[in-house]
Structure formats: structure tokens, C-alpha cells
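Report on the following structure.
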Amino acid sequence: METSDDIGDDVIGPRGLIKKQELVRIIIQCLYALGYSKSATCLESESGITCKSPEFELFESHILDGNWGDCIECLHKINGMDDETRASVSFLILEQCLLECLDCGNISLALDMMRKQFSSLKIGAEMVHRLSYELLTLKGLRLGCIDSDSVQELRKKLLSNLEKVLPPPITLPERRLEHLVEMAISALVDSCIYHTSSDSVSLYRDHHCDRDQFPTETTQILTNHQHEVWSVQFSNNGEYLASSSRDCTAIIWKVQDDNRVTLRFVLRSHEKPVSFVAWSPDNTMLLTCGNREVLKLWDVETGICRHTFGGDGFVVSCCAWFPDSKRLVCGSSDPKKGIYMWDCEGNEIKAWKGMRMPKVLDIAVTPDGENLISIFSDKEIRILNLATNAERVISEEHSITSLSVSGDSNYLIVNLNSQEIHLWDVTTKWIKPRKYSGHMQQKYVIRSCFGGLNSMFIASGSEDSKVYIWNRRSSDPLEILSGHLKTVNSVSWNPRRPQMLASASDDNTIRIWGPCRSSRAECDNFTE
């Protein structure tokens with residue numbers, strides 16, 4: 001049988017980075033956590049290594065026997081522990097000790113313990129007050145009524161708490177091996193620049209997503225619009241696609257199970273070009289925004305217009321939904337109009353307007369419903385917390401043309417006419433944005449989007465008729481997709497099918513992008 005002394009400082013692994021004794025110990029801990037107690041005990045016996053350190057086993061013995069003085073003495077003998085941790089451990093031990101003393105009526109011993117230990121262990125006044133309060137409330141227990149079984153349960157709970165506070169190697173962090181394996185998996189996924197697979201990562205091989213599973217090739221071209229296509233957006237469930245055009249129409253498309261996209265409804269009601277579309281979070285309604293015109297609400301099942309917003313001088317420039325699918329918010333390019341919140345029947349709920357309100361160029365509500373984000377006067381991003389009314393303003397040096405928010409509500413991107421896309425956090429207040437470049441944008445409104453698993457990709461159109469895709473970790477394009485003949489105005493990534501992308505162009509078409517096909521013969525006829 002190998003002993004811990006035999007193992008000593010042995011290291012293993014191709015690079016000699018793993019201490020054998022530490023690895024065996026966390027394997028034993030993992031076996032216990034998984035319920036394989038017999039196997040864990042067998043490994044302890046065979047290796048001579050125990051899951052619990054000798055110091056902790058001594059603590060355990062003293063605590064279960066109620067030898068509080070010996071516990072404190074053990075604590076004094078432990079080296080390498082900072083004062084804060086030592087004070088926290090002392091607090092937990094003294095709390096249990098005093099509780100048992102008071103329960104037995106031994107008040108003099110309790111007072112003596114407090115006088116001696118509070119000064120020597122540097123327990124601050126705040127912790128003393130907390131301890132006094134907890135003893136007075138007694139956590140639902142009554143003095144003199146704590147039986148021996150309850151005492152043992154309280155002592156075991158103390159040991160459990162000590163395991164979380166005492167530093168390694170005295171104790172091990174909870175589920176240490178699982179944590180290390182998850183870190184390794186996360187690192188593999190993070191290093192996978194084409195990561196689009198929603199399958200769980202196997203431990204049996206190093207994870208890697210191939211480029212041929214990434215949306216890099218045209219799988220379909222939609223030609224039903226008669227003029228420039230300005231906006232395209234997948235529904236939140238990934239089952240529909242909406243597009244809007246300079247031909248004054250919007251179209252609802254159905255995404256079939258085989259990823260083919262088919263026409264569902266042509267929406268005809270606007271008198272001017274339709275500049276933007278927005279899906280309700282529950283996927284039952286669609287908003288279409290006329291170019292310097294009105295906003296219309298459509299029923300997805302019937303293709304019928306349910307309501308028209310604006311008019312009478314209110315020119316809608318942008319719109320967004322709240323997560324409940326019952327409220328929507330609209331901005332106006334007219335500074336006198338500001339921002340309005342309506343319900344689906346057109347009843348005004350709230351308005352932000354006034355003399356100091358600038359024109360609103362774009363607007364979004366984070367999917368968690370916490371923040372209203374607006375683009376004001378070309379160069380300002382305003383993030384309004386709807387619960388606290390706290391506002392954060394981000395100023396850009398160049399004109400902003402569009403705004404998009406990530407699915408987890410943590411990030412936003414803006415397209416600038418300086419030929420850059422800037423990524424900002426919504427809540428933690430980065431001083432500088434992450435910047436992405438390579439595409440062309442100087443004259444037109446181009447809408448980018450987040451995409452892929454966990455919104456790890458950014459896609460954008462470009463004035464050079466291409467689609468650009470970045471992995472968020474790199475400022476250089478990961479892929480440049482060719483196919484359109486004119487400016488690509490808008491892109492949308494299917495939120496439920498991470499290998500499907502749509503793009504809208506001034507060449508009057510929408511392209512659906514998907515992974516490489518094994519045979520080009522399958523792609524000969526793209527047109528729907």
C-alpha cells in the first residue's frame with residue numbers, strides 16, 4: 001500500500017504540473033460527493049491520503065466532544081491563516097460554545113470565554129454585536145430545552161460551516177474536482193472560435209467546432225420584395241422571420257423544420273417605406289415602423305393589422321417591446337415628441353418628453369425589462385433603469401446609426417459611421433468599449449446583431465455588399481460573407497438555430513446563410 005509519505009511531492013501529467021497527493025485527495029472528495037463512499041474509503045486506505053486533513057480531523061474531534069478550549073488552542077497553532085479568516089472561525093466556534101453554556105445555565109463560563117477570546121482573537125465590535133443578537137434570538141431555540149441530539153446536529157452544522165471558511169489545505173473547497181473540470185470545459189469552449197453547438201461538451205475528447213458548421217454559405221435567396229430591403233429580424237422562438245422594404249411592405253416568413261424559409265404574409269398598409277420590424281417576445285405580434293410615418297401592430301397568425309400608433313404629427317422613428325408583450329415603447333425623431341410607452345390597444349401608459357428631450361434615433365428594452373436604452377442626438381447612448389430612474393449616459397465621438405442588445409441583457413452594440421461597432425456593458429460601467437472593425441459604413445443606416453450561443457458573435461452588414469461576423473473576443477472579422485450585390489442593411493441571427501443567419505440588402509433580396517453543404521449541387525437553386 002502506498003502511503004502519503006511515499007507520494008510526497010510527486011508530480012504527474014505531461015507537463016509535471018499536478019501534485020499527485022492533491023489530485024488523489026480531491027478525487028476522494030469527489031467520490032464522497034457522488035455517493036461512492038466505499039470507493040472513497042478504499043482509496044484513502046490504499047493511498048494513505050485522507051479527504052480531511054489531520055488538522056481538520058482534530059477540529060472535528062474536539063467539536064463533536066464539545067472541547068471548546070482545545071478547539072481554540074488548535075486554531076492558535078494553525079499557520080498561514082490571515083486575521084480575518086481566524087476571526088471568522090473563532091466567531092463560529094464561540095457562537096456554538098456560548099450557546100451550549102447558556103443552555104446549561106453556565107453563564108460564568110460563557111462570560112469568561114467571551115472576555116478571554118474576544119480580545120486575544122481580535123474579534124471586532126460589529127461581530128460581537130452580531131453574536132450577541134444571534135444568542136438572544138437563539139435561532140428559534142429555547143434555553144434549557146436543547147436536547148443532546150439537537151446539540152450534535154448543531155455541532156455538525158458548525159463543522160460544515162468551518163469547512164467553507166477554513167483555507168486549503170486544511171479543508172478543500174466544496175466539489176473541487178467538479179469545479180476544475182468545469183473550468184477546463186469552459187476554457188475549451190471559450191477557445192472555440194466557431195462555437196455554435198448546443199450539445200453538452202464531452203469529457204472524452206477536446207472540444208472543437210468545425211468551420212463547416214458555421215453559417216458561411218448562402219442556402220436560400222428570398223426575392224419577394226420589389227425594392228431595397230431595409231430590415232430583417234427572426235422571431236424570439238426562431239420559427240418566423242420578418243422583413244421590411246422600401247416597397248412599403250413588410251413580410252412574415254415561416255422557418256420550416258428543414259431550415260427552408262417560406263412566405264406566410266405580405267403586410268400592406270404603410271404609405272411609405274417600412275424601415276424597421278420588431279417581434280413581440282411571445283412571438284404573436286409584429287411591429288412595423290414606417291419611415292417617418294406611423295407604427296403598425298400586426299397579428300402573426302392572421303396577418304391582420306390590429307392597431308396603428310402615431311399619426312397626428314407624431315412621427316415614429318423606432319420602437320421596442322417590453323418582455324411582457326403587453327407594452328411597447330416608441331421614439332420620435334421630432335424632439336418635441338420624445339418617447340412614449342403604449343399598451344397594445346394604443347393607450348398611453350407613460351411619456352418622456354419636454355424641452356430638453358433630443359430626437360430619438362433608436363431604442364431598445366433589455367430582455368429582462370430592467371433598462372430602457374435610447375440613442376439620442378446622433379452620439380449619445382442613454383441607459384435608464386426603469387426601477388430606480390437612475391440614468392447613465394455614454395457619449396460617442398461619431399454618429400450612431402443603430403442599437404442592438406444581447407439576449408442576456410448584459411451588453412449592447414452600436415454601429416457608428418466611423419466604420420466601427422462598439423460593444424458596451426449595460427450595468428458595470430466600462431470606461432471604454434470593445435471595438436470591432438473591417439466593414440464599411442459611412443453613409444447608410446446599418447443594423448448589426450448579436451448571435452450564436454450566449455450571444456458570442458456579432459454580425460453586421462456593410463456598404464461593400466458583404467456580411468461581416470466577429471467572435472466577440474476579437475476585433476478582427478472571423479468571417480466575411482459574399483453574395484449580395486449592393487449594401488447589406490440589416491442582419492439577424494436565429495436565436496434558436498445558431499447555424500442560421502439572415503441578411504437584407506439594397507439588391508432587393510434577403511439571403512439565408514447556413515453551414516457548408518457537402519455537395520454544391522444541392523445549392524444550385526437558391527431562389528424561393
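Quick note: the sequence shown uses UniProt numbering, first residue 1, plus one each step.
Glycine included, C-beta positions come from ideal geometry on N, C-alpha and C.
Since this is a predicted model, take the numbers as computed values, not measurements.
The segment 409-421 contacting the segment 359-378, beta-carbon criterion three pairs below 8 angstroms: Note that the segment 409-421 touches the segment 359-378; at least 3 beta-carbon pairs, one per stretch, sit closer than 8 angstroms.
For valine 274 and threonine 249, believed in contact at Cβ under 8 angstroms, the rounded distance: 7 angstroms
CB-CB length for isoleucine 383 against arginine 392, believed under 8 angstroms: The beta carbons of isoleucine 383 and arginine 392 sit about 4 angstroms from each other, so the pair counts as a contact at 8 angstroms.
For histidine 62, three-class secondary structure by DSSP: helix
Span separating the alpha-carbon of serine 519 from that of tryptophan 493: Confidence at serine 519 is low in this model, with a pLDDT of 33, below 50, so its placement is unreliable and no value can be given for it.
Reduced DSSP secondary structure (H/G/I, E/B, other) of isoleucine 18: strand
Best match in Ser39, Gly48 and Leu287 for proximity to glutamine 21 [C-alpha to C-alpha]: Gly48
Simplified DSSP assignment, three categories, for leucine 23: helix
Sub-8 angstroms separation of residue 565 and serine 460 beta-carbons: Given that the chain is displayed from residue 1 to residue 528, the structure contains no residue 565 and the question cannot be resolved.
Integer-rounded CB distance, given that tryptophan 298 should sit under 8 angstroms from leucine 267: 6 angstroms
Backbone CA spacing between threonine 284 and glutamine 256 [nearest angstrom]: 17 angstroms
Residue-chain proximity (methionine 183, chain C), Cβ-Cβ < 8 angstroms: Within the model displayed, chain C is absent; a lone protein chain is all it includes.
Nearest to leucine 159 (by Cα), restricted to the options Asp82, Ile373 and Gly66: Gly66
Which residues DSSP lists as bridging methionine 341, in chain order: Val329 and Lys350
CA-to-CA distance, alanine 242 to isoleucine 512, given in whole angstroms: 12 angstroms
Cβ contact (3+ pairs, closer than 8 angstroms) linking the segment 333-343 and the segment 315-323: yes
Contact the segment 174-189 vs the segment 197-206: 3+ CB pairs below 8 angstroms: yes
Cβ shell of glutamate 293 (< 6 angstroms), same chain only, five flanking positions each side left out: Lys272
Contact set for residue 581: own chain, Cβ-Cβ below 7 angstroms, skip 5 residues either direction: This structure gives no information on residue 581, because the portion of the chain shown stretches from 1 to 528.
Validate contact between the segment 172-183 and the segment 439-452 using beta carbons, cut 8 angstroms, 3 pairs: no
Pairwise C-alpha distance: serine 53 and threonine 171: 7 angstroms
Helix, strand or coil at glutamate 153 [DSSP, three-state]: helix
C-beta atoms of valine 229 and asparagine 454 nearer than 8 angstroms: Cβ distance not < 8 angstroms, so valine 229 and asparagine 454 don't count as in contact.
Spatially closest choice to asparagine 377 from Glu397, Leu423 and Ser503, by CA coordinates: Asparagine is not the amino acid found at residue 377; the sequence shown has serine there. Checking every option, the nearest Cα to that of serine 377 belongs to Glu397.
Secondary structure of glutamine 213, DSSP reduced to three states: helix
Helix, strand or coil at threonine 388 [DSSP, three-state]: coil
Backbone CA spacing between serine 474 and asparagine 259 [nearest angstrom]: 29 angstroms
For glutamate 293, the residue or residues it bridges with in DSSP: Val316
Three-state secondary structure (DSSP) of glutamate 420: strand
Residue of Cys209, Gly303, Gly290 and Ile26 minimising C-alpha distance to valine 181: Ile26
When Pro169, Val360 and Leu64 are compared against aspartate 149, the one with the closest alpha-carbon: Selected option, being the one with the closest Cα: Leu64.
Terminal residues of the beta strand (DSSP E) in which cysteine 449 lies: 449-451
beta-carbon lysine 156 near the ligand ADP non-hydrogen atom, thresh 7 angstroms: The ligand ADP is not part of the structure shown, which contains no ligands of any sort.
Environment of alanine 387 [buried if 16+ CB atoms lie within 10 Å]: exposed
Cα-Cα separation, lysine 19 to phenylalanine 322: 53 angstroms
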